[in-house]
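Written out below as structure tokens is the structure these notes cover.
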Amino acid sequence: MRTWFRSGRPWIWLTAGAVSISLLAMLALVALLGLQGMRLFWPQPVYQFQLTAAPGQPDALLGEIYAAGPRSPPPDAATAGGDGAGHYVIRTGGADAGRDFYRVPAARVVTRHRPPDLLLLERGGYGKDYGFLQGMTEDGQPLTADDMPRALQQRLASIETQRRLAAGLRTRQQVELRQRAGRLTARRQQWLKDGQWTPLNQALFGTEQGEIERLGDSLRRQLAGINKEMDRDSVLLRDAQGATRLIPLREIERAWYPNAMGATQKIQLWAGQIGRFVARDAQAYPAQAGVFPAIVGTLLLVMLMSVMVMPLGVMAAVYLHEYAGTGWLTRLIRISVGNLAGVPSIVYGVFGLGFFVYVLGGTLDKLFYADTLPNPTFGTPGLLWAALTLALLTLPVVIVATEEGLSRIPPSLRHGSLALGATRAETLWRVVLPGAAPAMITGLILAVARAAGETAPLMLVGVIKSAPLLPVDGVFPYLHADRKFMHLGFQIYDMALQSPDSDAVRPLVFATALLLVVIVVGLNLAAIGLRHRLREKYRALAL
Numbered sequence: 001m002r003t004w005f006r007s008g009r010p011w012i013w014l015t016a017g018a019v020s021i022s023l024l025a026m027l028a029l030v031a032l033l034g035l036q037g038m039r040l041f042w043p044q045p046v047y048q049f050q051l052t053a054a055p056g057q058p059d060a061l062l063g064e065i066y067a068a069g070p071r072s073p074p075p076d077a078a079t080a081g082g083d084g085a086g087h088y089v090i091r092t093g094g095a096d097a098g099r100d101f102y103r104v105p106a107a108r109v110v111t112r113h114r115p116p117d118l119l120l121l122e123r124g125g126y127g128k129d130y131g132f133l134q135g136m137t138e139d140g141q142p143l144t145a146d147d148m149p150r151a152l153q154q155r156l157a158s159i160e161t162q163r164r165l166a167a168g169l170r171t172r173q174q175v176e177l178r179q180r181a182g183r184l185t186a187r188r189q190q191w192l193k194d195g196q197w198t199p200l201n202q203a204l205f206g207t208e209q210g211e212i213e214r215l216g217d218s219l220r221r222q223l224a225g226i227n228k229e230m231d232r233d234s235v236l237l238r239d240a241q242g243a244t245r246l247i248p249l250r251e252i253e254r255a256w257y258p259n260a261m262g263a264t265q266k267i268q269l270w271a272g273q274i275g276r277f278v279a280r281d282a283q284a285y286p287a288q289a290g291v292f293p294a295i296v297g298t299l300l301l302v303m304l305m306s307v308m309v310m311p312l313g314v315m316a317a318v319y320l321h322e323y324a325g326t327g328w329l330t331r332l333i334r335i336s337v338g339n340l341a342g343v344p345s346i347v348y349g350v351f352g353l354g355f356f357v358y359v360l361g362g363t364l365d366k367l368f369y370a371d372t373l374p375n376p377t378f379g380t381p382g383l384l385w386a387a388l389t390l391a392l393l394t395l396p397v398v399i400v401a402t403e404e405g406l407s408r409i410p411p412s413l414r415h416g417s418l419a420l421g422a423t424r425a426e427t428l429w430r431v432v433l434p435g436a437a438p439a440m441i442t443g444l445i446l447a448v449a450r451a452a453g454e455t456a457p458l459m460l461v462g463v464i465k466s467a468p469l470l471p472v473d474g475v476f477p478y479l480h481a482d483r484k485f486m487h488l489g490f491q492i493y494d495m496a497l498q499s500p501d502s503d504a505v506r507p508l509v510f511a512t513a514l515l516l517v518v519i520v521v522g523l524n525l526a527a528i529g530l531r532h533r534l535r536e537k538y539r540a541l542a543l
């Protein structure tokens, strides 16, 4: 044993075991997120439960078995009693009625079966509803059709088209009208400033203002007509108690018969559900938008942060390593950089709000946007200030990693370059920095990994729960850094801790967390690939 320990093999096995445990933990995390998140999109069977009578409790339920446990529900659960034989957590839908889940003791279940004609309605903002299709109405009158389920799907397709048309009109109202009014106001300010507020210019201003008002009235009339058309149809749905409810068709996004679906239909529905979760339009579905705006906000934030932090971090590291020397000031700066890496992120958020938003943003508004005050343009939290805050947060990581890479460049390479007649700047640009490029990319990888998962500072400098407009669109200047944005990390926080119905959003939290992990891993893999190419290209310098 003594010889074996002296050989160093135990340390090899110890490090290999640590790596294996880390990989298994990572795989277990991804598997947990995937299994818990993907069940949100897979169509589950829907049961009709017949229950024994209980005071104040329903004797029949329609819903999915969300969970089952060996213990009885607590005394304050939705159903009283229970004999310890187990219980079901049944998702019954109808969140607009104030109840989406029921806990039912297994002893109360008399029968359960899966009716093939049971209809599932996915309603924007209200979750799911279960029942039996009893018909449809149009303008309050019964709608007759030979094939009512097919007529329902046709009307839903028409509603989908109208919903997208309405979303386009709302976008034009929010973007085009605001921009035209802003340009007109800027022209008026310029005329007043130059003393050219002549009767001709006043007439031009009035004409353009009238055109903007007529365009706004036209858009509002079109939107009102589309909304009126969407309000015409409704669905009659019979619940487990035999009561019939009237549900407006505009609230329904999709409808299907879960107990009558084959494997192919389930896979198609599952893929469609994932696609809508990732790319659902916030304008068309304001009550139940997908995570696409949060994905765009996260990617833009990380890219802007990278563009800002890399030049600053590399220049700071080059100065500290190549020019600053070894005096007390340099040592103090290095100690300060190391301490900044340990400052809580919320402190950076407070600093970003106070300095970037109020000081810099307020100054920009006074200098360039005085005509829009007191409504702020840059003096309010937005994407630009969030990116600067995260750049400041991750700056110590980039500085330390880059300085480590610079220290690995052999002095002989510098001396050889200088001996051949190159200046110090040419040596730095053509010899030192290319050799340290892999270390710079390592610093970028660490910065991206930390920035993509930060939430606390973003809540102070620009992130919001629901953004009406994306920070990037097809309108000049295309990237609107002054807009507020959505972020996957904040979405997870909001759903996990702020949602009033934690059981309903739990799978959504897992799915969003899995998506955030995939994005972070994807960004890191791209950076790792770039680092590998640079390392191979400058291998000779690295030696």
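Heads up, the final residue of the sequence shown is numbered 543 in full-length UniProt numbering, and it's a clean run with no missing numbers.
Note that beta-carbon positions come from the ideal geometry of N, C-alpha and C, so glycine has one too.
- Given a length threshold of 3 residues, each whole run of the beta strand (DSSP E) inside the segment 140 to 210 is given here in chain order: 141 to 143.
- The segment 425 to 439 makes no contact with the segment 380 to 394, as fewer than three CB pairs between them are under 8 Å.
- Assignment of G275 by DSSP, reduced to helix, strand and coil, places it in the helix class.
- Per DSSP, S234 is one residue of the beta strand (DSSP E) stretching across D233 to R238.
- The Cβ-Cβ distance between E403 and H321 falls below 8 Å.
- DSSP places W429 outside any beta strand (DSSP E), giving it a letter other than H or E.
- Taking a contact as a CB-CB distance under 8 Å, the pair L223 and L169 counts as one, their CB atoms being some 5 Å apart.
- Looking at the DSSP output, F132 shares a beta bridge with L118 and R238.
- In this structure, the straight-line span from the alpha carbon of P142 to that of V235 is close to 10 Å.
- Annotation: the continuous beta strand (DSSP E) that includes T244 extends over T244 to P248.
- Ranked by Cα distance from T512, the first of G206, V291, Q209 and F356 is V291.
- Distances from the alpha-carbon of D494 to those of T389, A527, I445 and L458 put L458 closest.
- Per the Cβ contact rule, the segment 384 to 394 is in contact with the segment 448 to 458 (3 or more Cβ pairs under 8 Å).
- Here the alpha carbon of L133 sits roughly 11 Å from the alpha carbon of W256.
- Bridge partners of T111 according to DSSP: Q50.
- Between the C-alpha atoms of Q48 and R112 there is a straight-line separation of about 5 Å.
- Counting only the Cα atoms, L156 lies some 10 Å from E251.
- Taking all protein chains shown into account, E253 has 16 or more neighbouring C-beta atoms within 10 Å of its C-beta and is therefore buried.
- Inter-residue distance for L204 and W197 is about 10 Å (C-alpha atoms, whole angstroms).
- Taking the Cα of L61 as reference, the smallest distance to any Cα among A67, L51 and P55 is reached at L51.
- Looking at the DSSP output, F510 sits in no beta bridge, so it has no partner there.
- Going by DSSP, I346 is part of the alpha helix (DSSP H) stretching over S345 to F351.
- Following the DSSP letters along the chain, one finds E253 inside the beta strand (DSSP E) bounded by residues I252 to W256.
- The alpha-carbon of R172 is positioned some 27 Å away from that of V461.
- Contact annotation: V89 and Y66 have beta-carbon atoms nearer than 8 Å.
- For the 8 Å CB-CB criterion, G435 and I399 do not form a contact.
- Relative to P258, the option among L488, A151, F41 and M26 whose CA is nearest is F41.
- A Cβ-Cβ contact shorter than 8 Å links L488 with L515.
- Non-local C-beta neighbours of A439 in its own chain, meaning closer than 8 Å and more than five positions away in sequence, comprise A401, T402, E404, G405, L406 and R408, ordered along the chain.
- Going by DSSP, Y493 is part of the alpha helix (DSSP H) stretching over L488 to Y493.
- Rounded to whole angstroms, the separation of the alpha carbons of D147 and I492 is 42 Å.
- Leaving aside the five residues that flank P149 on each side, the residues in its chain whose CB is nearer than 7 Å to its CB run, in chain order, L133.
- In this structure, M305 lies near A387, with their beta-carbon atoms less than 8 Å apart.
- The beta carbon of A324 is closer than 6 Å to those of T330 in its chain, skipping five residues each way along the sequence.
- Judged by DSSP secondary structure, E404 falls within the alpha helix (DSSP H) whose first and last residues are L383 to S407.
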